[in-house]
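Asker:
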Ligand code: C2E
Ligand code: MG
Ligand code: MG
């Protein structure tokens, strides 16, 4: 099958790819947003943590520095108080007294010096008589004239043991030296050593690098001790000096968050702390988070894509069902509209294909066989569509197919295409009376799919066995409208009484005596809107629109009324012939309905005749034969109407239970003007019909000459305007009353 370029199919890949790309973009955006949000959050958390750490370290360092000073102040004050206390003491000193005082004043040693700076007393009994050498710190103090002094820790001149000493001058020129062993103090001090603190802090938090700077910016202590003594200028590494601000820097190929916070003790600048917060682990963690989030989103996206693909496939299936005919696999009418809308061709022709009488195939061979034939037609049309490109077949409904051919060269190509379409008949499994008919419409745009289909169907409606290809024209539409109106009138006539349906009766006379033998009942339909409608028209419409069964019943009923009137008026031997359509005759309820009607109306069966046209021979002969036999057994006579115009042959008629042949008017018309051939034919038919035991009626006798010829040919009965036109029942009765025999 040709793949048509329509919006349905071409949009199929787009409807999958476009949303997928959009969703991918959405997932990417969400992914980037989620990752950056998580990373920012985590980064700020770390920065906050680092900031808190930096602040707490700064606080610890300021406390430590402050504490060291306080201890120093405390020792200073202890040595000073001890010196003053000893200098104010008035009693003579002894070693015991000085030892007691040292113990009470919380110092380790007390030495008393005379005005020559020689040790006169000591708390430990040592150094007695030791003289202070020139240039010694004690000498320096004494010479300075100061009242007291507390020294920094130094080694004792004689013992070499480190001490912290304080001196106090007496008013009489003597002086006292008080001292504390520095080993105790050093131990205490070491607890407050900046390097010690920095090491401890660095040890506690491995991911930080610390540097304690003095006010000038030189490193006093650092986790990397090689930095001690060097100068870090915050500006050179771009550090802002703030408690809340920080910077991300790279140092020694590693990334850090750098903080620089001032250390202030008693509102005085006491240096600053530089803290580098190592981001390596943070970066690794962030990388892991990014990977996990990305993988999760990717899995989610793939899951989504999978579900989306499944839904899309199901939708495609549904779409496929929606646009295809289940039985033949061809595209359906819904798709036809889309197809036409997508056409860019200069000219397009729509051809509706319909096998006439397809219903018979279903009735005779069953629906399964009918389906096989429809599939066959679909296949044949598909094959044709491959030969004639661009061309697209559709199944409209039931037994109707549609072919759209675009950009064909000319009408010749179109006609040849139509012939090819008619040619698929046998190959598709259609045989016998089933003929293919084609309704065709051409358009050069703009293409209106609904209008084109409507017009093609109107054209199809005008086809028949003898006119199998019909092009659309506006006149057909008018006819159709008229037929529609007639259909409405027929429905009205069938359903209600009084109505426009009536019967007229035309006498059929014996050729020799001129006596009325029977009447033919002929239906009349009169509409207020349309006037008189020809039976040829309304009977055909009734047959096509499935109204012939109820209409035929009504006609039979009216005819029986006339028979009843004839009987009651004493014309027992006069019969009435009623025209019956083939569809009506073959209907299963025909015989039972007829039986009950005759019983209901109380008429004799032998007073009824049925006229059948030759079209009955297109029906199944076995079924027809059975039906006719049943009717014949009931005593009802059977005529073949319009004999010689259709399919029947005398040999075939011989085998069927038929009483009368009605020689068609066309034979009668040709009898005049010495048409020898026509006369011979009419004469042959009459004598051969007699030979097989049939009665012959000549129809349409208008001229006296015709009557004579036919009488000479021994035609049994005559019917025509020569004797009477079809007349209403009361006139028919009067005709019988007045003459009984008709002399023209
Ligand atoms: P038909 O059955 O062959 O009826 C004879 C037709 O020939 C009638 O036309 C009749 O009026 C006409 N006719 C009779 N003698 C002459 C004549 O000398 N000259 C001319 N020119 N015509 C003559 P009508 O009534 O118009 O009927 C036409 C056809 O309609 C009938 O042909 C019949 O096939 C069909 N028809 C009429 N009534 C019924 C009906 O009740 N049921 C069915 N199924 N068909 C009917
Ligand atoms: Mg007739
Ligand atoms: Mg006739």
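Residue numbers (our numbering): 1 to 744.
Glycine included, every Cβ here is placed at the ideal spot set by N, Cα and C.
Can you pull the DSSP bridge partners for residue 680?
Answerer: Note: residue 680 sits in no beta bridge, so no partner.
Asker: Since residue 115 and residue 174 are thought to touch, with beta carbons under 8 angstroms apart, how far apart are those beta carbons, to the nearest angstrom?
Answerer: The pair is a contact, with the Cβ atoms about 6 angstroms apart (cut-off 8 angstroms).
Asker: Given residue 425, which residues of its chain have a CB within under 7 angstroms of its CB, disregarding the five upstream and five downstream residues?
Answerer: 436
Asker: Give a yes or no on contact between the segment 536–553 and the segment 567–576, applying the rule of three or more CB pairs nearer than 8 angstroms.
Answerer: no
Asker: I need the residues with a C-beta less than 5 angstroms from some heavy atom of ligand 3; please give them in chain order.
Answerer: 641, 642 and 699
Asker: May I have a chain-ordered list of the alpha helix (DSSP H) segments no shorter than 4 residues that lie completely inside the segment 460–534?
Answerer: Here the runs fully enclosed are 474–495.
Asker: Report yes if the C-beta distance between residue 608 and residue 547 is below 8 angstroms; otherwise report no.
Answerer: no
Asker: Pick out the complete alpha helix (DSSP H) segments inside the segment 609–655, 4 residues or longer, and give them in chain order.
Answerer: 621–633 and 650–655
Asker: Since residue 212 and residue 224 should fall inside the 8 angstroms C-beta cutoff, what is the C-beta to C-beta distance between them, to a whole number of angstroms?
Answerer: With 8 angstroms as the limit, residue 212 and residue 224 do not qualify as a contact, their Cβ atoms being about 12 angstroms apart.
Asker: Helix, strand or coil for residue 318 per DSSP?
Answerer: helix
Asker: State the Cα-Cα distance for the pair residue 642 and residue 577, rounded to the nearest angstrom.
Answerer: Spanning the two alpha carbons is a distance of roughly 14 angstroms.
Asker: Going by the DSSP bridge assignment, what does residue 121 pair with across the sheet?
Answerer: 112
Asker: In three-state DSSP terms, what is residue 590?
Answerer: Note: residue 590 maps to helix in three-state DSSP.
Asker: Between 387, 378 and 253, which has its C-alpha nearest residue 399's C-alpha?
Answerer: 378
Asker: Just the Cα atoms here: how many angstroms apart are residue 492 and residue 402?
Answerer: 34 angstroms
Asker: The beta strand (DSSP E) that contains residue 327, what's its start and end?
Answerer: Note, residue 327: premise wrong, no beta strand (DSSP E); not H, not E.
Asker: Just to confirm the assignment, what range does the beta strand (DSSP E) spanning residue 352 have?
Answerer: 348–355
Asker: For the candidate residues 158, 118, 462 and 482, whose alpha-carbon lies nearest to that of residue 473?
Answerer: Checking every option, the nearest Cα to that of residue 473 belongs to 462.
Asker: Can you name the start and end residues of the alpha helix (DSSP H) that residue 175 belongs to?
Answerer: From DSSP, residue 175 is part of no alpha helix (DSSP H) but of the beta strand (DSSP E) over 175–181.
Asker: Once DSSP output is grouped into helix, strand and coil, what is the label at residue 309?
Answerer: In the structure shown, residue 309 sits in a helix (DSSP, three-state: H, G or I).
Asker: Let me confirm a value: residue 532 is counted as buried when at least 16 other C-beta atoms fall within 10 Å, else exposed. Which label applies?
Answerer: exposed
Asker: For residue 723, is the classification buried or exposed, using 16 other Cβ atoms within 10 angstroms of its Cβ as the cut-off for buried?
Answerer: buried
Asker: Under 8 angstroms between the Cβ atoms of residue 556 and residue 597?
Answerer: yes
Asker: Go ahead and pull the three-state DSSP assignment for residue 157.
Answerer: coil
Asker: In whole angstroms, what is the alpha-carbon distance linking residue 301 and residue 338?
Answerer: One C-alpha to the other measures close to 34 angstroms.
Asker: Quick check on residue 277 - is its C-beta less than 8 angstroms from some C-beta in chain B?
Answerer: Structure shown: chain B not included; a single protein chain is present.
Asker: With H, G and I counted as helix, E and B as strand and the rest as coil, what does DSSP make of residue 282?
Answerer: helix
Asker: Does the segment 338–350 come close enough to the segment 443–450 to have 3 or more Cβ pairs within less than 8 angstroms?
Answerer: As far as the Cβ criterion goes, the segment 338–350 touches the segment 443–450, which means the pair count is three or higher.
Asker: Taking the alpha carbon of residue 522 as the point to measure from, which residue in 373, 113, 720 and 150 has its own alpha carbon closest?
Answerer: 720
Asker: Is residue 322 near ligand 1, in the sense that its beta carbon is under 7 angstroms from a heavy atom of that ligand?
Answerer: no
Asker: Taking 7 angstroms as the cut-off, is the CB of residue 520 close to at least one heavy atom of ligand 2?
Answerer: Distances from the CB of residue 520 to the heavy atoms of ligand 2 include at least one below 7 angstroms.
Asker: Taking one C-beta from the segment 169–186 and one from the segment 139–157 each time, how about it: are there three or more such pairs within less than 8 angstroms?
Answerer: Counting C-beta pairs closer than 8 angstroms gives three or more between the segment 169–186 and the segment 139–157, which meets the contact rule.
Asker: Report whether the distance from the Cβ of residue 609 to the nearest heavy atom of ligand 2 is below 7 angstroms.
Answerer: Not under cutoff, so the answer is no.
Asker: Which residues in the same chain have their Cβ closer than 6 angstroms to the Cβ of residue 355, if we skip the five residues on either side of it in sequence?
Answerer: Here the set comprises 399, 430, 434 and 436.
Asker: Rounded to whole angstroms, what's the CA-CA distance from residue 510 to residue 393? Just pull it up for me.
Answerer: 59 angstroms
Asker: How long is the line joining the alpha carbons of residue 459 and residue 715, rounded to whole angstroms?
Answerer: 43 angstroms
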